[in-house]
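Protein chains: 2
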Amino acid sequence: MSGHAGCRWNCAALSIHRASASYNIRMMQNQNPATFTAMLAKAQQQNQSMLCVGLDPEPTRFPGNFKNDPSKIFDFCAAIVDATADLAMAFKPQIAYFAAHRAEDQLERLMAHMRSVAPQVPVILDAKRGDIGSTAEQYAIEAFERYGADAVTLSPFMGFDSVSPYLKRHGKGAFLLCRTSNPGGDDFQNQRLASVDGQPLLYEHIARLAQGPWNLNGQLGLVVGATYPAEIERVRELAPTLPLLIPGVGAQGGDAAATVRAGLRAGGSIIVNSSRAILYASADQDFAVAARQEALKTRAILQAAATQ
Amino acid sequence: MSGHAGCRWNCAALSIHRASASYNIRMMQNQNPATFTAMLAKAQQQNQSMLCVGLDPEPTRFPGNFKNDPSKIFDFCAAIVDATADLAMAFKPQIAYFAAHRAEDQLERLMAHMRSVAPQVPVILDAKRGDIGSTAEQYAIEAFERYGADAVTLSPFMGFDSVSPYLKRHGKGAFLLCRTSNPGGDDFQNQRLASVDGQPLLYEHIARLAQGPWNLNGQLGLVVGATYPAEIERVRELAPTLPLLIPGVGAQGGDAAATVRAGLRAGGSIIVNSSRAILYASADQDFAVAARQEALKTRAILQAAATQ
């Protein structure tokens, strides 16, 4: 498929094309009024999967002819989606990788493509927005209307009114950052709060709020890093029914298995994200085949751990 | 100026146009190698101002013929910039208001316009990004390379390594959310940390980190809401030399004066943001004149408070 620079359409045609893509997304949403939670359960069942395929396109790592060509972001990601549509519980495009390359139009096309080839797989837009109510309202329009996402990731730092505008979109999901496993995750999330009953750690407090008073319409989930299974277990204890989005799992059986044991419960699903191990499984033209192999392998490890 | 839909260029021409706008921004940056801090001091001096003009374009509130027309976001914001270029210490576009309307191209044009008509006024891109290092790197490219911003706002929730990629851009500024005055600002920022020496509140801890160990190259500032002057004073005590970006001041003399007294010190500047009071000072064709009057008034109140 040709990129922007090479195409022959004039701008008026491009605008119509864009408007039409957006319209199609909305139409498909109307035809599929399932909530994010229902879509998640259905995709898990149908694809026998707890695997989330993260879409973090880096042109410098693209294979073959796509290498270093940002106009191929859509083509690259669409090939990954096509190769994993029957293996994924969710897709998670990371918006920064599109924004850095002025590729919002390619993200719009990718969202429409995912809806078209994998209508049963929910899409989580990883944006980690966090702003006051009136601005959050704009970000909610971006995520849910412009891009047609089924769920977003959010930073809870500015408090409940920075989260509530997303909850007005009934049926949409919102994953709050809770405990991240980057080195800086300890800086604040792991601090003990003297002024809250029981002196929980900050991430424990967030888990409680998300399971309880903040979860007005059952739309909330939590982002919990995979590095420390004991912390996943603690979050699961405090938030027994919330979906947990767990990034940071490679194809190593040990980590993945420990993650599943720590996080999966009968009433509480886990969505285990893998991005680079799948996207860049091969640097050659066979990248989509290699991505499928890697996704198959990771899915199998996760499923095996669930039945142990 | 015609919007996207109406133009007659083909897409190849559009790509060239975009690439050229981006190139021009970079060229202008190279011609103006001043650091954000130096630009801020110069703008304050030259425009005799502590006023930041916030650009939060809402088409539903646009005046006259622009009303409800998202293709007029650039025209509206450019008129505000033209009317206040000699009155502002900084401009602060809020990216959510552009993203909700697929108006990234208009934001690119606005950034180039600000650089052209007000080269002495630094531009703070209000994006409140907060993500792990590799993703933060993409957001830094978006803010500093794509849009050519002089500074960004960031959420510190994910810790130091979510901030450090921005600090690699020497000379650029980064304002960390510290104490926000929205209702949810209390939820976490005002919690006392049992596990940090002296049991500071979370926002106090952030202020200390930003003044001290996190401020590797003197690029950090803090975002502190205007609602509670006592808290601005406390932040200033802990961060005596950091620039404070203070949103939430209307044209009321009392608030603005209290804000200046609480935050302004010989070695520590304040950047007092006003958005809607200026942008929507009139709903008619005279909106730019009315915006200028409002900016003049607010600037005067701030300057008067500084000399009391």
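Here the protein sequences come in this chain order: A and B.
Quick note: the first sequence, position 101, residue 101 per the working numbering, numbers continuous.
So the mapping is simple: the working numbering equals the position in the second sequence, first residue as 1, plus 1000.
Note that beta-carbon positions come from the ideal geometry of N, C-alpha and C, so glycine has one too.
Quick one: measure Cβ to Cβ for A/I232 and A/L244, integer angstroms, because I've assumed they're closer than 8 Å.
-> The residue labelled residue 232 of chain A in the question sits at position 232 within the first sequence. The residue labelled residue 244 of chain A in the question sits at position 244 within the first sequence. Between A/L244 and A/I232 the Cβ distance is about 7 Å, and since that is below 8 Å, they are a contact.
To the nearest whole angstrom, what separates the beta carbons of A/P63 and A/Q285, a pair I think is in contact under 8 Å?
-> Taking the first sequence and counting its residues from 1, one reaches residue 63 of chain A at position 63. Taking the first sequence and counting its residues from 1, one reaches residue 285 of chain A at position 285. So it is a contact: roughly 6 Å between Cβ atoms.
Looking at the unbroken alpha helix (DSSP H) that takes in A/V289, where does it start and where does it end?
-> If you number the first sequence from 1, residue 289 of chain A lands on position 289. Here the alpha helix (DSSP H) through A/V289 covers 287-307.
Could you give the uninterrupted runs of the beta strand (DSSP E) lying entirely in the segment 1133-1182 of chain B, keeping only those of 3 residues or more?
-> 1151-1154, 1173-1179
So is B/H1101 buried or exposed if we call it buried at 16+ other beta carbons inside 10 Å?
-> Within the second sequence, numbered from 1, the residue matching residue 1101 of chain B stands at position 101. B/H1101 should be labelled buried.
Is it true that the CB of A/N217 sits closer than 8 Å to the CB of A/L279?
-> For the purposes of this step, residue 279 of chain A is identified with residue 279 of the first sequence, where counting begins at 1. For the purposes of this step, residue 217 of chain A is identified with residue 217 of the first sequence, where counting begins at 1. No, they are not a contact pair.
Check whether the Cβ atoms of B/V1123 and B/F1076 sit closer than 8 Å, and answer yes or no.
-> Taking the first residue of the second sequence as 1, we reach residue 1123 of chain B at position 123. Taking the first residue of the second sequence as 1, we reach residue 1076 of chain B at position 76. Result no, Cβ atoms of B/V1123 and B/F1076 do not sit closer than 8 Å.
Inter-stretch contact (C-beta, 8 Å, three-pair minimum) for the segment 1041-1056 of chain B and the segment 1116-1134 of chain B | yes
Buried versus exposed, by CB contacts within 10 Å (16 or more), A/S49 | Counting from one through the first sequence, the residue named residue 49 of chain A turns up at place 49. Buried is the call here.
Spatial distance of B/G1268 from B/H1113 (CA atoms) = Position 268 of the second sequence, counted from the first residue, corresponds to residue 1268 of chain B. Position 113 of the second sequence, counted from the first residue, corresponds to residue 1113 of chain B. Near 29 Å, if we compare the C-alpha coordinates of B/H1113 and B/G1268.
Which term fits A/E237, buried or exposed, when burial requires 16 or more other beta carbons within 10 angstroms of its beta carbon?
-> The residue you call residue 237 of chain A lines up with position 237 of the first sequence. Exposed: under 16 other Cβ atoms inside 10 Å.
Measure from the C-beta of B/P1063 to each C-beta in chain A and report whether the shortest distance is under 8 Å.
-> Position 63 of the second sequence, counted from the first residue, corresponds to residue 1063 of chain B. For B/P1063, the answer is no, since every Cβ of chain A falls outside 8 Å of its Cβ.
Chain A contact residues for B/T1135, given Cβ-Cβ distances below 7 Å | To locate residue 1135 of chain B, count along the second sequence from 1; it is residue 135. Neighbours of B/T1135 on chain A, chain order: Q94, A96.
Using a Cβ-Cβ cut-off of less than 8 Å, give me the residues of the segment 175-188 of chain A that come near chain B, in sequence order.
-> L177, T180, N182, P183, G184, G185, D186, D187, F188
Starting from B/D1255, trace the alpha helix (DSSP H) both ways and give me its first and last residue.
-> What you label residue 1255 of chain B is simply residue 255 of the second sequence in a count that begins at 1. Where B/D1255 is concerned, the enclosing alpha helix (DSSP H) stretches over 1253-1263.
Does the Cβ-Cβ distance between B/L1154 and B/K1172 come in under 8 Å?
-> Indexing the second sequence from 1 puts residue 1154 of chain B at position 154. Indexing the second sequence from 1 puts residue 1172 of chain B at position 172. In this structure, B/K1172 does not lie closer than 8 Å to B/L1154 by Cβ.
Would a check of beta-carbon distances place B/L1193 closer than 8 Å to chain A?
-> Taking the first residue of the second sequence as 1, we reach residue 1193 of chain B at position 193. Closer than 8 Å to some Cβ of chain A, the Cβ of B/L1193 qualifies, so yes.
Note down, one range per segment and in chain order, each alpha helix (DSSP H) of at least 4 residues found wholly within the segment 1058-1096 of chain B.
-> 1073-1084
Pick out whichever of B/P1165, B/P1183, B/F1175 has its Cα sitting closest to the Cα of A/D161.
-> As a working note, residue 161 of chain A is residue 161 in the first sequence. For A/D161, the nearest C-alpha among the options comes from B/P1183.
Among B/A1306, B/A1304, B/E1294, B/Q1308, the one whose alpha carbon lies nearest that of B/A1083 = The sequence position of residue 1083 of chain B within the second sequence is 83, counting from 1. Minimum Cα distance to B/A1083 is reached at B/E1294.
Using three-state DSSP, classify A/A225 as helix, strand or coil.
-> Numbered from its first residue, the first sequence carries residue 225 of chain A at position 225. Reading off the sequence shown, one finds Gly at residue 225 of chain A, where the question assumed Ala. Coil.
Under 8 Å by beta carbon: chain B residues contacting A/V196 = Sequence index remark: in the first sequence, residue 196 of chain A carries index 196 (1-based). What A/V196 touches in chain B: Q1191.
Please state whether DSSP places A/L125 in a helix, a strand or coil.
-> The sequence position of residue 125 of chain A within the first sequence is 125, counting from 1. Of the three classes helix, strand and coil, the one that applies to A/L125 here is strand, per DSSP.
Given that a residue counts as buried once 16 or more other Cβ atoms are within 10 Å of its Cβ, and exposed if not, what is A/Q31?
-> Here residue 31 of chain A corresponds to residue number 31 of the first sequence, with the count starting at 1. Note that A/Q31 scores a pLDDT of 47, beneath 50, so its modelled location is shaky; the value from the coordinates is reported in the next line. Exposed: under 16 other Cβ atoms inside 10 Å.
Go ahead and label B/V1117 buried or exposed: buried means 16 or more other beta carbons lie within 10 angstroms of its beta carbon, across all protein chains shown.
-> Against the second sequence, residue 1117 of chain B aligns to sequence position 117. Exposed: under 16 other Cβ atoms inside 10 Å.
Assuming A/G159 and B/D1150 form a contact by the criterion Cβ under 8 Å, report the distance between their Cβ atoms to the nearest whole angstrom.
-> For this step, residue 159 of chain A is matched to residue 159 along the first sequence. For this step, residue 1150 of chain B is matched to residue 150 along the second sequence. That pair is no contact at about 28 Å.
Pick from B/L1051, B/A1034, B/L1087 that is closest to B/V1289, judged by C-alpha positions | As a first step, residue 1289 of chain B must be located in the second sequence, where it is residue number 289. Nearest option by C-alpha distance: B/L1087.
Secondary structure of A/V249, DSSP reduced to three states = Sequence index remark: in the first sequence, residue 249 of chain A carries index 249 (1-based). DSSP places A/V249 in coil when its eight states are reduced to three.
Can you give me, in chain order, the residues of the segment 1157-1170 of chain B that have a beta carbon less than 9 Å from any beta carbon in chain A?
-> F1157, M1158, G1159, F1160, D1161, S1162, V1163, S1164
Could you give the residue range of the alpha helix (DSSP H) that holds A/G185?
-> Within the first sequence, numbered from 1, the residue matching residue 185 of chain A stands at position 185. Where A/G185 is concerned, the enclosing alpha helix (DSSP H) stretches over 185-189.
Write down the C-beta distance between B/G1221 and B/F1287 rounded to the nearest angstrom, noting that I regard them as a contact closer than 8 Å.
-> Numbered from its first residue, the second sequence carries residue 1221 of chain B at position 221. Numbered from its first residue, the second sequence carries residue 1287 of chain B at position 287. With a Cβ gap of about 30 Å, B/G1221 and B/F1287 do not count as contacting.
To the nearest angstrom, how far is it from the Cα of A/A79 to the Cα of A/K67?
-> The residue given as residue 79 of chain A occupies position 79 in the first sequence. The residue given as residue 67 of chain A occupies position 67 in the first sequence. About 14 Å.
Cα separation between B/L1302 and B/N1065?
-> Reading the second sequence from its first residue, position 302 is the one you call residue 1302 of chain B. Reading the second sequence from its first residue, position 65 is the one you call residue 1065 of chain B. Straight-line Cα distance between these residues: approximately 33 Å.
Which residues in the same chain have their Cβ closer than 6 Å to the Cβ of B/P1240, if we skip the five residues on either side of it in sequence?
-> Indexing the second sequence from 1 puts residue 1240 of chain B at position 240. Here the set comprises G1268.
Taking the Cβ atom as the reference point for each residue, do B/P1200 and B/L1209 lie within a distance shorter than 8 Å?
-> In the second sequence, the residue the question calls residue 1200 of chain B occupies position 200. In the second sequence, the residue the question calls residue 1209 of chain B occupies position 209. No, the pair does not count as a contact, with Cβ atoms beyond the cut-off.
Could you check which residue in A/P93, A/T180, A/R179, A/C178 has the C-alpha nearest to that of A/A143?
-> By 1-based counting over the first sequence, the position of residue 143 of chain A is 143. Comparing Cα positions, the closest option is A/P93.
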